[in-house]
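**Q** Take the sequence shown: its letter number 164 is residue 318 in our numbering, and every next letter is one higher. Ideal Cβ positions, reconstructed from N, Cα and C, are used throughout, including at glycine. All values derive from a computational prediction rather than experimental measurement. So that we are looking at the same thing, I have put the structure below in structure tokens.
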Amino acid sequence: MLPFPRDYNEGMSVPMLEKVLDTTLAFDYVCAGIAAGPHANPERALPCALVFRIRDGEADIRTDRACHAASGDAMIIPPGTMHTLSVSGARVTSEWVHVNYSLFGSIDLFTLIDAPLSVAGASAAAIGHANERLAKLDGTPFSLKVSADRKAAGFELLSSVLAVSQLKENAFDLLERARPIAAVLQYIRDNVSARFDRNDLASMAGLSPARFHDVFRSVTGTAPMEYVGRYRMRAAEVMLIGSDRSIAEIAKGTGFRDQFYFSRAFKRSAGVSPSEFREMNRTHMHTVPVS
């Protein structure tokens, strides 16, 4: 992680906080590859971070600002960031990764840091190296070694991103406020298809329902059951992008009673059907074999 401020002395101690971060920092791989040829994406916001490096060619990206990347540059687009992307060049290739990093089960790490949109030089090369490692492992049959290699490459990528990022001023305050509900956040992450009851979740946190509601909202910005609904939708979006599971399997895996109810709820949330969302967000994956 980025260095702790020397004057940080409120709430839990720095050693305790470091231990909590070490034990809860999670890497969730979605997919990776090498894209070949010019391509452009319509305006969209992904449920995962998009980190890519232009090996040859150039790219233009617009979030709340415009940015141009030349050959050798890398770009970092946090989860939920509305953006458009255009990659061009006669022999353009780019190494891309969709990934999530979280703390306390489901606090998006990117909400705690300010990551640059564009990275150049040695830092971009380091990002590209990690991306290429992940791309080579994509689709590889499971084994303990493959799992370990993927985690190693994922945390290598995170280290490269953190090396060019800054902690937000409110990062430690958010982590301190999240500590009482850490077990609940982890439970929701690990049991996304389960039925949840606010009183049961409050009991898990050792808080009264009213106090739990207030603490949970202060950390996540939403009420507990609203958060569960949003988390299920985000989990479904990740599965649609990063897996070949059927719509029915994704519905069941995210706690919906059937495929049809899930599809209606998904369209209300995302504005498109699950199938349309999958198609829209796979159009950029013009992958080529990785040697």
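Any contact between the stretch 413-428 and the stretch 182-194? By contact I mean 3 or more CB pairs, one from each, below 8 Å.
**A** As far as the Cβ criterion goes, the stretch 413-428 does not touch the stretch 182-194, which means the pair count is below three.
**Q** Rounded to the nearest angstrom, how far is the Cβ of Ala-359 from that of Val-382, given a contact under 8 Å?
**A** Between Val-382 and Ala-359 the Cβ distance is about 14 Å, and since that is not below 8 Å, they are no contact.
**Q** Quick check on Pro-196: does DSSP put it in helix, strand or coil?
**A** Of the three classes helix, strand and coil, the one that applies to Pro-196 here is strand, per DSSP.
**Q** Does chain B have any CB closer than 7 Å to the CB of Thr-235?
**A** Absent from the structure: chain B. Only one protein chain is present.
**Q** Closer than 6 Å by C-beta to Ile-404: which residues in its own chain qualify, once you throw out the five before and the five after it? Chain order, please.
**A** The residues are Ala-390 and Met-393.
**Q** When you compare only the Cα positions, how much space is there between Phe-350 and Glu-286?
**A** C-alpha separation (whole angstroms): 39 Å.
**Q** If we count the other Cβ atoms within 10 Å of its Cβ and call it buried at 16 or more, is His-222 buried or exposed?
**A** Exposed, by the Cβ-count rule.
**Q** Do you know whose CA, among Asn-345, Ala-279, Ile-267 and Ala-364, lies nearest Lys-322's CA?
**A** The residue with the shortest Cα to Cα distance from Lys-322 is Ile-267.
**Q** When you compare each of Ala-203, Trp-250 and Glu-433 to Ile-401 by their alpha carbons, which one comes out closest?
**A** The shortest Cα separation from Ile-401 among Ala-203, Trp-250 and Glu-433 belongs to Glu-433.
**Q** Assess, as a yes-or-no matter, whether the stretch 269-278 is touched by the stretch 207-219 under the definition of 3 or more beta carbon pairs within less than 8 Å.
**A** The answer is yes - the stretch 269-278 touches the stretch 207-219, with three or more Cβ pairs under 8 Å.
**Q** Going residue by residue through the stretch 284-352, where are the continuous alpha helix (DSSP H) segments of at least 4 residues, counting only ones entirely within it?
**A** Whole alpha helix (DSSP H) segments, 4+ residues: 298-316, 325-332 and 336-344.
**Q** Where do the N-terminal and C-terminal ends of the alpha helix (DSSP H) with Ala-274 fall, by residue?
**A** Taken as a continuous stretch (DSSP letters only), Ala-274 belongs to no alpha helix (DSSP H), as it is neither H nor E.
**Q** Can you give the Cα-Cα distance for Phe-181 and Gly-308, rounded to whole angstroms?
**A** Each residue's Cα considered, the two are about 7 Å apart.
**Q** Who are the Cβ neighbours of Thr-217 in its own chain at under 6 Å, not counting the five residues just before and after it?
**A** Correct list, in chain order: Thr-235 and His-237.
**Q** Taking the beta strand (DSSP E) that Asn-247 belongs to, which residues open and close that run?
**A** What sits at residue 247 in the sequence shown is Thr, not Asn. 237-257 is the span of the beta strand (DSSP E), which, as asked, contains Thr-247.
**Q** Could you compute how far the alpha carbon of Asp-292 sits from the alpha carbon of Asp-354?
**A** Cα-Cα distance, rounded: 39 Å.
**Q** Which term fits Arg-422, buried or exposed, when burial requires 16 or more other beta carbons within 10 angstroms of its beta carbon?
**A** Exposed, by the Cβ-count rule.
**Q** Along the beta strand (DSSP E) that carries Phe-264, what are the first and last residues, could you check?
**A** No beta strand (DSSP E) holds Phe-264; DSSP gives it neither H nor E.
**Q** Counting only the same chain and skipping the five closest in sequence on each side, list residues whose C-beta sits under 6 Å from that of Thr-178.
**A** Cβ neighbours of Thr-178 beyond the five flanking positions: Leu-257 and Phe-258.
**Q** Return the Cβ separation of Pro-233 and Leu-200 in integer angstroms, given the expectation that the two are a contact with Cβ distance under 8 Å.
**A** Yes, Pro-233 and Leu-200 are in contact; Cβ-Cβ is about 6 Å, under 8 Å.
**Q** Distance, Cα to Cα, Gln-413 vs Pro-169?
**A** About 46 Å.
**Q** Residue range of the beta strand (DSSP E) that Arg-209 falls in?
**A** 203-216 is the extent of the beta strand (DSSP E) around Arg-209.
**Q** Taking the straight line between their C-alpha atoms, what separation do you get for Met-229 and Val-273?
**A** Spanning the two alpha carbons is a distance of roughly 6 Å.
**Q** Tell me which residues share the same chain as Leu-288 and place their Cβ nearer than 6 Å to its Cβ, disregarding the 5 neighbours each side in the sequence.
**A** So the list reads Ala-186, Val-251 and Ala-307, once near-sequence residues are dropped.
**Q** Of all the options Arg-386, Ser-260, Ser-319 and Glu-310, which has the alpha carbon lying nearest to the alpha carbon of Lys-406?
**A** For Lys-406, the nearest C-alpha among the options comes from Arg-386.
**Q** Looking at the secondary structure, which residues open and close the alpha helix (DSSP H) in which Asp-182 lies?
**A** Here Asp-182 belongs to no alpha helix (DSSP H); instead the beta strand (DSSP E) covers 180-190.
**Q** With DSSP run on the structure shown, which of helix, strand or coil describes Ala-390?
**A** Three-state DSSP puts Ala-390 in a helix.
**Q** Taking its Cβ as the centre, do 16 or more other Cβ atoms sit within 10 Å of Asn-435, making it buried, or is it exposed?
**A** The residue in question, Asn-435, is buried, as its Cβ has 16 or more Cβ neighbours within 10 Å.
**Q** Measuring CB to CB, does Val-373 end up less than 7 Å from Arg-411?
**A** It is not a contact, given that the beta carbons lie outside the stated cut-off.
**Q** Alpha carbon to alpha carbon, what distance is there between Ala-203 and Ser-417?
**A** Approximately 24 Å between the Cα atoms of the pair.
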